[in-house]
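Peer 1:
Number of protein chains: 2
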Amino acid sequence: MQLKPINVVIVDDHPMVIEGLKTLLAGETTIHIKNYFTNGKDTLAFLEKDTCDIILLDVNLPDINGVEMVGMILNKRANIGILGLSTYSEPSIINQMIRNGVKGYLLKNATSNELVEAISQVHKGRFYFGSEIQKILADSVSQDTKDTPKLTRREKHILSLIAEGKTTNNIAEELFISPLTVETHRRNLMQKLEVSNAASLIKVAIEKKLI
Amino acid sequence: MQLKPINVVIVDDHPMVIEGLKTLLAGETTIHIKNYFTNGKDTLAFLEKDTCDIILLDVNLPDINGVEMVGMILNKRANIGILGLSTYSEPSIINQMIRNGVKGYLLKNATSNELVEAISQVHKGRFYFGSEIQKILADSVSQDTKDTPKLTRREKHILSLIAEGKTTNNIAEELFISPLTVETHRRNLMQKLEVSNAASLIKVAIEKKLI
DNA sequence: ATCAATATACCAGAAAACCAGTAGATAAAA
DNA sequence: TTTTATCTACTGGTTTTCTGGTATATTGAT
Numbered sequence: 001m002q003l004k005p006i007n008v009v010i011v012d013d014h015p016m017v018i019e020g021l022k023t024l025l026a027g028e029t030t031i032h033i034k035n036y037f038t039n040g041k042d043t044l045a046f047l048e049k050d051t052c053d054i055i056l057l058d059v060n061l062p063d064i065n066g067v068e069m070v071g072m073i074l075n076k077r078a079n080i081g082i083l084g085l086s087t088y089s090e091p092s093i094i095n096q097m098i099r100n101g102v103k104g105y106l107l108k109n110a111t112s113n114e115l116v117e118a119i120s121q122v123h124k125g126r127f128y129f130g131s132e133i134q135k136i137l138a139d140s141v142s143q144d145t146k147d148t149p150k151l152t153r154r155e156k157h158i159l160s161l162i163a164e165g166k167t168t169n170n171i172a173e174e175l176f177i178s179p180l181t182v183e184t185h186r187r188n189l190m191q192k193l194e195v196s197n198a199a200s201l202i203k204v205a206i207e208k209k210l211i
Numbered sequence: 212m213q214l215k216p217i218n219v220v221i222v223d224d225h226p227m228v229i230e231g232l233k234t235l236l237a238g239e240t241t242i243h244i245k246n247y248f249t250n251g252k253d254t255l256a257f258l259e260k261d262t263c264d265i266i267l268l269d270v271n272l273p274d275i276n277g278v279e280m281v282g283m284i285l286n287k288r289a290n291i292g293i294l295g296l297s298t299y300s301e302p303s304i305i306n307q308m309i310r311n312g313v314k315g316y317l318l319k320n321a322t323s324n325e326l327v328e329a330i331s332q333v334h335k336g337r338f339y340f341g342s343e344i345q346k347i348l349a350d351s352v353s354q355d356t357k358d359t360p361k362l363t364r365r366e367k368h369i370l371s372l373i374a375e376g377k378t379t380n381n382i383a384e385e386l387f388i389s390p391l392t393v394e395t396h397r398r399n400l401m402q403k404l405e406v407s408n409a410a411s412l413i414k415v416a417i418e419k420k421l422i
């Protein structure tokens, strides 16, 4: 019945992990490990000529940054499903990976069942994020928002106008208020977000999702 | 066998959509529509006292912004799975919703099958994003990166220092170069990203994932 | 009705950023 | 080797932002 097994490529600089994955997937007739690589360069070279269904991609490769790697792979072969792999789980990295197009994420202590489940889900075009990962993502969101100072409606509005590159005078004209008032709001914004200029104001505002 | 149907609450300001959803789900014995609301306030009031498994949440509510709504719901009841619903599909909104914690996203033209599939996947703790949504997300990523001007290594470095709130002089000291040189880089950065001040420089740099 | 929060407004000086134009040094690619 | 890109640096002037104060009108909530 399994005429077409799922072709998987493993990318991880740690040979032990590769062996582990091979063992975990050994019994699965639906999954075929087509190849494995220990760095980004070789993987990309492989993808020049050949392809696969799923790539298990370690986040910490020696040569190429994991996040960029995702983009590069999908640039070449948009229909490969990428499953991120890592030992730890830093929320910001996971977030970036997702934004760049990974279809799933696994910790390296995943069980055989999880692994198979993840691969088959992603192969079906779905996403797979285990419960630990979901928890981590949820925590990172609440953490972001917890120590966010409250901005007034007016402040939020002016903040977004600053982000658009408008000057104090521009904003004053647009809102029919005095430039001096805009200045005050500007100052209050910087004080609340604990920064000392507009550039970092925008950075932390975006980090804290105020824009 | 279905002792515990999945309890679903529908939130949409358009009664027609609510009716449509009720009809589409009518035959499903595994899914029970527990309640429905046409605005955010009522929904939150309901969640004060009662709960459910899944919320089908329209993005364009009359009173509360859809993105914020997600946060508010999860704040009260973290284990409710939220499925975003909308007619159109603006990538940035979908991205925001996901970051705030929706577990899935559906277009309002979804078929009955998709709907049931989405609800049951999310109820199992998985994500559900239909192929259209995945395509939209993928496009938005490639669109972001396609018209991104190339920054030199030095420029990227200085860009990130600007984002940290450092002044031209600070940066010059840190890099052991003339403030005048930093000024030049600064200008080139603004020119490349087509902005006229540091605030918007940071904004578009983050949008284009250069930071 | 009163209190707290918000939005408004001002002065004045210092610091930093922005604009326009130019140009030498170096390093990498054609 | 010539070209191209990058990094470096300058002059001089204008605009904007930042800092440290102060202060009144308006609004929302108790």
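Going down the list, the protein sequences come from chains A and B.
With this note's numbering, the residue at position 55 of the first sequence is 55, and numbering never jumps.
Each position in the second sequence, counted from 1, maps to that position plus 211 in this note's numbering.
Glycine included, each C-beta is placed from N, C-alpha and C at the ideal position.
Small disclaimer: the values here were computed from a predicted structure and weren't measured.
#1: Could you have a look at N381 of chain B and say whether DSSP puts it in helix, strand or coil?
#2: Taking only runs of the beta strand (DSSP E) that begin and end inside the stretch 249–332 of chain B, which ones reach a length of at least 3 residues, in chain order?
#3: Does any residue of chain B bring its CB to less than 8 Å from the CB of V116 of chain A?
#4: So which residues of chain B does A163 of chain A contact, with C-beta pairs closer than 7 Å?
#5: With a threshold of 8 Å between beta carbons, is A237 of chain B in contact with chain A?
#6: So what does V9 of chain A bridge to, in DSSP terms?
#7: Closest to L421 of chain B by CA distance: which of B:I344, B:E384, B:L372, B:V313 is it?
#8: Can you give the beta carbon distance from K245 of chain B to V220 of chain B, rounded, assuming they're within the 8 Å contact cut?
#9: Do you know how far the Cα of N95 of chain A is from the Cα of G101 of chain A?
#10: I need the boundaries of the alpha helix (DSSP H) containing S389 of chain B, first residue and last residue.
#11: Please classify S303 of chain B as buried or exposed, where buried requires at least 16 neighbouring CB atoms within 10 angstroms.
#12: Cutting at 7 Å between CB atoms, please list the residues of its own chain near L296 of chain B, excluding the five before and the five after it.
#13: Leaving out the 5 sequence neighbours to the left and right, which residues in its chain are closer than 7 Å to I382 of chain B when beta-carbon positions are compared?
#14: When you compare each of B:E405, B:T241, B:E375, B:I291 to E207 of chain A by their alpha carbons, which one comes out closest?
#15: So, under 8 Å CB-CB, D50 of chain A and I80 of chain A are touching, yes? Tell me the CB distance rounded to an integer number of Å.
#16: What are the start and end residues of the alpha helix (DSSP H) that includes S200 of chain A?
#17: Can you give me, in chain order, the residues of the stretch 320–345 of chain B that have a beta carbon less than 8 Å from any beta carbon in chain A?
#18: Per DSSP, F129 of chain A is paired with what?
#19: Beta-carbon of A138 of chain A versus every beta-carbon of chain B: anything under 8 Å?
#20: Give a yes or no on whether the C-beta atoms belonging to L151 of chain A and K124 of chain A are separated by under 8 Å.
#21: What residue from A:E155, A:P179, A:I177, A:N113 has the CA that sits closest to A26 of chain A's CA?
Peer 2: Well, looking at it:
#1: helix
#2: 265–269, 292–297, 315–318
#3: no
#4: A410, S411, K414
#5: no
#6: A:N35, A:I55
#7: B:L372
#8: 6 Å
#9: 10 Å
#10: That residue, S389 of chain B, is in no alpha helix (DSSP H); it is neither H nor E in DSSP.
#11: exposed
#12: D223, L267, L268, D269, V270, L317, K319
#13: I369, L372, V393
#14: B:E375
#15: Not a contact, Cβ separation roughly 11 Å.
#16: 198–207
#17: Q332, G336, R337, F338, Y339, F340, S342, Q345
#18: A:Y105
#19: yes
#20: no
#21: A:N113
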